[in-house]
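Engineer:
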Amino acid sequence: MGNICKRFRIWGLFLLLAVFAAGLTSFVTAIRAQAAVKKGFQTINGKTYYIDADGSKHKGWLNLNGTRYYFDSKTGVQQKGWMKDSKGNRRYFTSSAGAMVTGWIENSKGQNRYFDPKTGIMKTKWLTLNGKKYYLYNPSGVAAEGVFLTDGKGDTRYFYNKTLYMAIGWLTNSKGEKRYFDKDGVMARGFAEIGDATYYFYSGSGKMATGWLKNSEGQRRYFDPKTGRMYTGTHTINGEKCTFNNNGVLQPNYDYAGGIAVPTGTKTIKNYLAGALQPIGKVLYVWGGGRDKATIKGVSSVWKDWYASQDSSYNYREHSNIAKGLDCSGYVGWAAYQVMHQKAGVGSGYMVTSGEIGSAYTSLGWGNIITLQKLVGSNYKLMPGDVGYNPGHTFIVLGQCPDKSAVILHCTPNAGCQIAGTTTPSGSSSSQAVALAQKYMSRYPGFSKYDYRTCCGDYLRQGNFLRWNSSTLSDPDGYRDMTAEEILADLFKS
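In terms of the numbering used here, the sequence shown opens at residue 59 and continues consecutively.
#1: Determine the DSSP secondary structure at G391, reduced to helix, strand or coil.
#2: Could you have a look at Y408 and say whether DSSP puts it in helix, strand or coil?
#3: So is Q277 buried or exposed if we call it buried at 16+ other beta carbons inside 10 Å?
#4: Taking the CB atoms as reference points, tell me whether Q458 and H468 lie closer together than 8 Å.
#5: What separation, rounded to the nearest whole angstrom, lies between the Cα atoms of G413 and F302?
#6: Once DSSP output is grouped into helix, strand and coil, what is the label at K105?
#7: Could you tell me the alpha carbon to alpha carbon distance between D143 and Y258, rounded to whole angstroms?
#8: Distance, Cα to Cα, G264 vs A542?
#9: Under the three-state reduction of DSSP, which class applies to E235: helix, strand or coil?
#10: Keeping to the same chain, check which residues put their C-beta closer than 6 Å to that of D213; ignore five residues upstream and five downstream.
#11: Alpha carbon to alpha carbon, how far is K167 from M288?
#12: In this structure, what does DSSP give as the bridge partners for R148?
#13: Pick from T177, N437, A402 and Y408: whose alpha carbon is nearest that of V484?
#14: Leaving aside the five residues before and after V357 along the sequence, list all residues of the same chain whose C-beta is less than 7 Å from its C-beta, in chain order.
#15: Please report how far the alpha carbon of L120 lies from the alpha carbon of A225, in whole angstroms.
#16: Between which two residues does the beta strand (DSSP E) carrying Q476 extend?
#17: Nearest to A111 by alpha carbon, out of G104, Q100 and K105?
#18: Return the CA-CA distance between T133 and R148, expressed in angstroms with no decimal places.
#19: Leaving out five residues on either side along the sequence, give the residues of the same chain with a beta carbon under 8 Å from the beta carbon of N219.
#20: Which residues bound the beta strand (DSSP E) around N329?
#21: Between K299 and T292, what straight-line distance do the alpha-carbon atoms span, to the nearest angstrom?
#22: In angstroms, rounded to a whole number, what distance separates the CA positions of Y343 and A393?
#23: Relative to the C-alpha of A491, which candidate in V397, R375, W361 and L518 has its C-alpha closest?
#24: In or out: V404 buried (at least 16 other Cβ within 10 Å) or exposed?
#25: Provide the residue span of the beta strand (DSSP E) that contains L546, from first to last.
#26: Quick one, are the C-beta atoms of K211 and G199 less than 8 Å apart?
#27: Quick check on G227: does DSSP put it in helix, strand or coil?
#28: Grab me the residues of W361's own chain with a C-beta within less than 6 Å of its C-beta, minus the 5 sequence neighbours each way, in chain order.
#29: Residues in the same chain with beta-carbon distance under 6 Å from K105, minus the five sequence neighbours each way, listed in chain order, please.
#30: Among Y127, S387 and L271, which has the Cα closest to the Cα of P471?
#31: Within 8 Å, do at least three Cβ pairs link the stretch 316 to 331 to the stretch 523 to 533?
#32: By the three-class DSSP mapping on this structure, what secondary structure does Q277 have?
#33: How would you write the range of the beta strand (DSSP E) that L271 sits in, first residue to last?
#34: Can you find the residues in the same chain that come closer than 7 Å, C-beta to C-beta, to W270, ignoring five residues on each side of it along the sequence?
#35: Considering T512, what are the terminal residues of the alpha helix (DSSP H) in which it resides?
#36: In terms of residues, what are the limits of the alpha helix (DSSP H) holding K432?
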């Protein structure tokens with residue numbers, strides 16, 4: 059009996075040791091397994107954690123293989139998506155791995171943002187990278203792209219599509235329109251000096267101007283159609299020679315002929331009128347003017363220079379140098395010399411006072427006097443080339459209109475040599491001749507500069523007329539059978 063009890067105690071001890079050993083093995087295995095599962099990234103109840111080596115949840119920043127992560131400082135939950143810190147700085151962590159983004163990131167909408175490579179903080183407002191500037195809207199951080207932005211000062215800048223950076227220098231769009239942006243990216247407006255040239259950019263759109271441009275004061279400038287450079291000096295544009303000053307302003311071309319027929323030197327009515335047109339819009343009125351140049355051929359350069367040098371305030375009473383221009387009788391005498399002589403310096407010329415025109419020309423056998431009485435008796439019939447005169451004025455008849463008004467050429471104190479129109483015999487200033495004078499005189503550059511008056515008044519009833527003999531001035535062109543409108547069209551080739 060004693061032996062049996064002894065054996066039971068031994069077997070019991072073995073059994074107890076076996077159970078203890080088995081339990082210990084299971085416990086160690088469980089501990090090891092538990093430690094292996096909890097280290098590193100772990101998802102628990104849908105939230106991601108990082109388990110450190112000691113089995114605790116990581117909190118705060120974590121750097122792994124050059125990538126940064128963030129875990130809530132209290133719960134240890136990994137940050138994904140947008141995060142804003144206590145200073146208002148924003149960062150973004152990818153939605154899958156939770157990695158902090160850096161550099162340029164484009165979202166599904168095509169919007170681009172930039173995050174600091176070191177801190178991951180999203181940038182706003184101005185950003186400079188590799189010498190180029192970008193603008194990131196505040197607070198969204200989205201980069202400006204393919205847009206013009208105007209700041210509070212009114213300065214406009216452009217940011218390229220796709221590349222995003224701010225434009226500097228020349229920019230040409232798909233329509234061929236050009237703009238210019240200075241070193242600070244500000245779009246040029248108005249006049250701009252770029253390199254060795256001047257350009258003009260429209261104040262609203264900033265587009266570069268090309269071709270003709272006229273300002274509110276009527277000044278005209280020309281910008282090269284291809285390069286946009288403003289012209290200065292003399293250039294030929296569409297076949298016409300144009301001169302621009304140093305500020306690019308077109309200078310009146312006082313040698314403008316407007317397609318006027320060139321005098322041929324033959325003694326005809328047409329040649330007489332063509333010659334008389336040469337000083338129109340080029341010579342100012344100077345009392346007594348022309349006496350010193352009674353036998354010159356052509357328009358004196360001194361006359362033209364004087365005309366060009368004056369402005370709209372010109373008053374002949376303030377100038378007495380007869381070499382600078384013409385008066386009415388000086389003009390008529392000069393015109394007579396042009397048609398009667400091929401060369402300069404022949405004789406003494408034909409400049410007499412206005413009231414002596416009739417007697418002087420008839421004494422030369424050039425024509426006959428048509429008195430006012432005869433004119434009225436002929437129902438105011440005038441002929442091209444007739445010279446009207448009275449003690450105070452003289453002029454040349456270019457042609458007559460159907461309403462009996464006449465287009466004349468004369469030199470007047472208010473401006474100088476010009477085309478004008480008389481009233482009708484009944485005194486109407488709304489005559490056909492006045493309308494024609496306005497049409498043709500307005501072609502001259504100086505028309506807006508000086509006080510040209512295209513209605514000269516009732517010249518038909520203020521004196522006599524000298525009518526040329528056919529033997530003196532022939533009419534192979536048929537001008538005596540033409541209206542004033544037809545003669546002007548022929549002389550101006552229009």
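A virtual CB, placed ideally from N, CA and C, is assigned to each residue, including glycine.
Structural biologist: Looking at the atomic coordinates:
#1: helix
#2: coil
#3: Exposed.
#4: no
#5: 43 Å
#6: strand
#7: Within the model, the alpha-carbon separation for D143 versus Y258 is close to 49 Å.
#8: 49 Å
#9: Here E235 sits in coil by DSSP.
#10: V244
#11: When rounded, the separation of the alpha-carbon atoms in K167 and M288 is 44 Å.
#12: K142
#13: Inspection of the sequence shows that residue 484 is occupied by Ser rather than by Val. Checked all of T177, N437, A402 and Y408; the closest Cα to S484 is N437.
#14: Q336, P337, K340 and V341
#15: 40 Å
#16: For Q476, the enclosing beta strand (DSSP E) stretches over residues C475 to T480.
#17: Q100
#18: 20 Å
#19: E203 and G204
#20: Per DSSP, N329 belongs to no beta strand (DSSP E); it is in the alpha helix (DSSP H), I327 to A334.
#21: 7 Å
#22: 15 Å
#23: Of the listed residues, the one whose Cα sits closest to A491 is L518.
#24: exposed
#25: Where L546 is concerned, there is no enclosing beta strand (DSSP E), although the alpha helix (DSSP H) it sits in stretches over A542 to L549.
#26: Contact check for K211 against G199 fails: the beta carbons are separated by 8 Å or more.
#27: strand
#28: V341 and G383
#29: V135
#30: S387
#31: yes
#32: Coil at Q277, not helix or strand.
#33: G269 to K272
#34: R278 and Y280
#35: Note, T512: premise wrong, no alpha helix (DSSP H); not H, not E.
#36: DSSP places K432 in the uninterrupted alpha helix (DSSP H) bounded by L430 to G435.
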